[in-house]
Amino acid sequence: MTLLSLDGVTKRYARGYREVEALAGVGLEVEAGDFVAIWGASRSGKTTLLRVAAGIEAPDGGRVAFDGRDLAARTRRARARLLLTDIGCVWQTGRITRGLSVLDHVALPRFKQSSHAQARGEAHDMLDRVGIPQAAGARWHELTDGERTRVALAHALIRRPRLLLADEPTANLNMIEREQVLGVLRSVADEAGVAIVMTAPDAPNLLQSHRLMSLDGGRLIKPRSEQPGTLIDFPQAGRRAGRGG
Amino acid sequence: MKPPTADGQPPGAPPVACVVAGAAPPLACVVVCVVVVLVVVGAVVVCTVVVMVVPAVVVGVLACVVTGGGVSVAPLSFEPLEPQAPTASAASRPSGSARAGARSCIGVMLASGIGGTGRGAQPEPVASLPRLRYARVPGASQWVGRSFELRLPVERRQGGANDAMSVKYAVLGLLAQRRGYGYDLVQRFEEQVGPAWQLNAGAIYVALDKLEQEGLVKPLGDGADQPVRRRTARGAPRVIYEATPQGLERFEDWMATGTSMAPLREELHLKLALSQPRNLARLIELTYEQEEACLERLEQHRGGTALDLLASAQPWSDVASVMVRDAEIAHLQATVHWLRSIREAMRWLQERPEALRSRS
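Chains E and A supply the protein sequences, listed in that same order. The first sequence lines up with residues 1 to 245 when you count with the working numbering. The second sequence lines up with residues 1 to 360 when you count with the working numbering.
Set out below in structure tokens:
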């Protein structure tokens with residue numbers, strides 16, 4: 001069943017005196033358990049795509065539907081609730097809740113459903129899974145960029161979302177850490193059936209995914225069977241006529 | 001027999017042969033030779049006319065009939081071209097044009113100035129482009145081409161030979177690992193080298209034959225010098241080969257020598273090189289299509305990198321295969337980066353018609 005669907009989504013920004021086309025008719029269908037990787041350079045529209053998919057920004061044109069229902073048809077409040085329950089997000093510029101330790105920040109979404117001790121236990125497990133158990137007691141300013149991304153990932157995963165939108169979760173990570181994070185994402189998709197849309201600026205990060213796409217100039221490029229494009233086609237009749245003499 | 005007379009002439013009426021050979025030999029020889037030469041030259045001329053001119057005229061007439069008389073045939077006459085002139089826009093019409101015959105590769109080449117005729121002033125000699133013979137006649141609605149061959153410099157055309165040579169040594173190397181038969185070698189090649197090579201399975205058998213001729217591999221004998229022929233499931237004979245000591249030595253030599261580099265030949269590069277500013281929109285579209293193809297091939301290479309495998313204590317053969325596979329990943333990735341950068345440049349030009357005009 002299609003969990004997230006984007007259909008002909010467009011988005012334009014005014015950047016100074018120029019208008020930037022961040023998304024130019026993007027169509028994407030993501031099902032539960034799909035691990036979609038989107039490969040794009042900076043300014044290719046990756047983050048905008050994720051923000052539109054999360055319902056944080058409204059598209060200028062086209063339709064974004066989560067779980068079969070148009071996001072535009074939901075109230076602002078309902079969209080915000082979705083972000084707290086069904087859609088997990090990992091942004092590049094994450095922050096932790098002011099005044100909390102990393103462990104409490106990660107455990108926060110579980111505090112309401114379970115006891116604090118239990119939530120903290122889950123948070124420990126989650127930090128362990130993404131490879132930063134040592135960061136549990138740390139404060140935000142003590143973390144490296146790579147650790148911050150992984151804290152955000154643990155925070156997003158602990159609430160067990162149905163859709164995870166991760167904006168360059170492998171940035172600032174070395175090879176081992178990258179493999180660990182990608183392994184977590186993959187296992188979450190395969191075992192828990194979470195749909196994942198991840199972006200990355202280079203290819204090695206993408207080969208763990210189920211589906212691979214490329215974003216450039218606001219256009220989503222999907223692989224398909226190779227069809228050699230022709231600049232000028234050669235109709236047989238014209239060819240023969242041209243061979244005279 | 002009578003003795004010859006004093007002047008050397010035989011007595012009695014001399015026969016013609018004697019006249020030719022004796023009394024006036026030089027003159028007669030010359031006459032005969034001239035006649036023979038004339039006959040031969042005449043025959044050659046007649047043959048040439050029959051073989052070359054008649055078909056050319058016939059084909060030309062047919063072409064005129066087929067294209068409604070719009071074509072006049074003038075091989076090897078080069079007229080100065082005006083790429084923007086309406087009659088010269090055979091290749092510039094939108095691809096949906098009704099004049100199906102108006103589009104041709106030759107048209108593109110002429111319009112982009114190949115052969116020195118595209119820039120107006122003087123037709124330049126075409127000696128630099130061997131066997132590129134085509135002509136455009138003012139007022140004619142067609143490009144008329146006779147023969148067309150784009151020749152690459154000789155040193156760039158060795159790819160085929162190099163490929164065959166590489167496969168030969170690959171077969172030798174596979175047999176050095178362990179003995180095997182043709183299909184087994186094909187499979188092991190695919191497995192170890194990967195799909196990027198796009199091996200033609202027939203090349204393995206050709207290589208086996210060559211190696212056997214050179215004595216570098218030999219069919220496995222059963223002691224009585226008869227090759228062991230095992231049967232496949234379908235009953236086809238199967239010859240198992242093994243590398244000879246000379247073969248192993250040759251393989252070691254090959255491992256020790258330097259490697260050559262294959263030329264980079266993409267159809268897109270040709271299209272780009274031969275394009276015109278008016279093709280810009282289509283070229284941008286082509287970069288998208290090429291990127292789709294790259295993604296498709298990248299998708300075949302899922303899994304970790306060689307470095308990951310090194311970390312996880314895998315056997316060397318696996319690590320080596322993954323290293324080879326990483327080469328294609330790196331190539332595809334670089335291609336996508338290149339496509340993105342040329343796309344950006346072309347978009348920049350497309351958005352600025354004034355910049356484009358100064359370049360056309």
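Idealized CB from N, CA, C, for every residue including glycine. Since we're looking at a predicted model, the values are computed, not measured.
Reduced DSSP category for residue i - H, G, I as helix; E, B as strand; rest coil
i	result
valine 186 of chain A	helix
tyrosine 241 of chain A	strand
tyrosine 169 of chain A	helix
tryptophan 197 of chain A	helix
glycine 101 of chain A	In this prediction, glycine 101 of chain A scores a pLDDT of 37, lower than 50, which makes its location untrustworthy; the coordinate-derived value is nonetheless stated afterwards. Glycine 101 of chain A: helix per DSSP, three-state reduction.
tryptophan 254 of chain A	helix
threonine 199 of chain E	strand
serine 187 of chain E	helix
valine 194 of chain E	coil
glutamate 31 of chain E	strand
leucine 49 of chain E	helix
leucine 6 of chain E	strand
isoleucine 132 of chain E	coil
leucine 27 of chain A	helix
glycine 94 of chain E	coil
glycine 137 of chain E	coil
glycine 121 of chain E	helix
isoleucine 114 of chain A	Confidence at isoleucine 114 of chain A is low in this model, with a pLDDT of 40, below 50, so its placement is unreliable and the value that follows should be read with caution. Looking at isoleucine 114 of chain A - three-state DSSP - the assignment turns out to be coil, as it is neither helix nor strand.
isoleucine 204 of chain A	helix
isoleucine 56 of chain E	coil
isoleucine 284 of chain A	helix
alanine 38 of chain E	One point to set straight first is that residue 38 of chain E is isoleucine, not alanine, in the sequence displayed. Isoleucine 38 of chain E: strand per DSSP, three-state reduction.
threonine 61 of chain E	Checking the sequence, you will find glycine at residue 61 of chain E rather than threonine. DSSP places glycine 61 of chain E in strand when its eight states are reduced to three.
arginine 74 of chain E	coil
Below-7 Å beta-carbon distance, residue i vs any chain E residue
i	result
glutamine 333 of chain A	yes
glutamate 365 of chain A	There is simply no residue 365 of chain A to check, as chain A begins at 1 and stops at 360 in what is shown.
arginine 352 of chain A	no
arginine 302 of chain A	yes
glutamate 252 of chain A	no
isoleucine 204 of chain A	no
leucine 295 of chain A	yes
arginine 340 of chain A	yes
glutamate 299 of chain A	yes
glutamate 292 of chain A	yes
tyrosine 241 of chain A	no
tyrosine 288 of chain A	yes
glycine 69 of chain A	Caution applies to glycine 69 of chain A, whose pLDDT of 44 falls short of 50 and renders its modelled position unreliable; the model cannot decide the point.
valine 19 of chain A	In this predicted model, valine 19 of chain A has a pLDDT of only 44, less than 50, meaning its place in the structure is not dependable; the value taken from the coordinates is given anyway. It does not: the Cβ of valine 19 of chain A has no partner Cβ on chain E nearer than 7 Å.
Residue(s) in a DSSP beta bridge with residue i
i	result
arginine 18 of chain E	E:Arg15
proline 219 of chain A	A:Tyr241
isoleucine 221 of chain E	E:Ser214
leucine 268 of chain A	Answer by DSSP bridge pairing: none, since leucine 268 of chain A is not bridged.
isoleucine 87 of chain E	E:Leu163
arginine 69 of chain E	E:Phe66
glycine 180 of chain A	A:Tyr241
tryptophan 348 of chain A	In DSSP, tryptophan 348 of chain A forms no bridge with anything.
leucine 23 of chain E	E:Lys11
glycine 146 of chain E	In the DSSP output, where bridge partners are listed per residue, glycine 146 of chain E has none listed.
Chain A contact for residue i (CB, 7 Å cutoff)
i	result
serine 214 of chain E	yes
proline 223 of chain E	yes
leucine 207 of chain E	yes
alanine 136 of chain E	no
alanine 58 of chain E	no
alanine 203 of chain E	yes
Take every Cβ of the segment 183–192 of chain A, pair it with every Cβ of the segment 250–270 of chain A, and state whether three or more of those distances are shorter than 8 Å. no
Check whether the segment 25–37 of chain E touches the segment 190–199 of chain E, taking contact to mean three or more Cβ pairs, one atom from each stretch, closer than 8 Å. yes
Please confirm if the segment 58–65 of chain E is in contact with the segment 132–148 of chain E, defined as three or more CB-CB distances below 8 Å between the two stretches. no
Taking contact to mean at least 3 C-beta pairs separated by less than 8 Å, is the segment 322–332 of chain A in contact with the segment 191–203 of chain A? yes
Taking beta-carbon pairs under 7 Å, can you tell me which members of the segment 19–45 of chain E lie near chain A? Ala41
Indicate whether the contact test is met: 3 or more Cβ pairs, each with one atom in the segment 34–43 of chain E and one in the segment 82–98 of chain E, closer than 8 Å. no
Below 8 Å, can you find three or more Cβ-Cβ pairs linking the segment 8–18 of chain E to the segment 162–179 of chain E? no
Under 8 Å, with one C-beta from each stretch per pair, do the segment 114–126 of chain E and the segment 63–79 of chain E reach the 3-pair mark? no
Do the segment 328–344 of chain A and the segment 291–305 of chain A make contact, defined as three or more Cβ pairs closer than 8 Å? yes
When you compare the segment 77–92 of chain E with the segment 176–186 of chain E, are there three or more beta-carbon pairs, one atom per stretch, that lie closer than 8 Å? no
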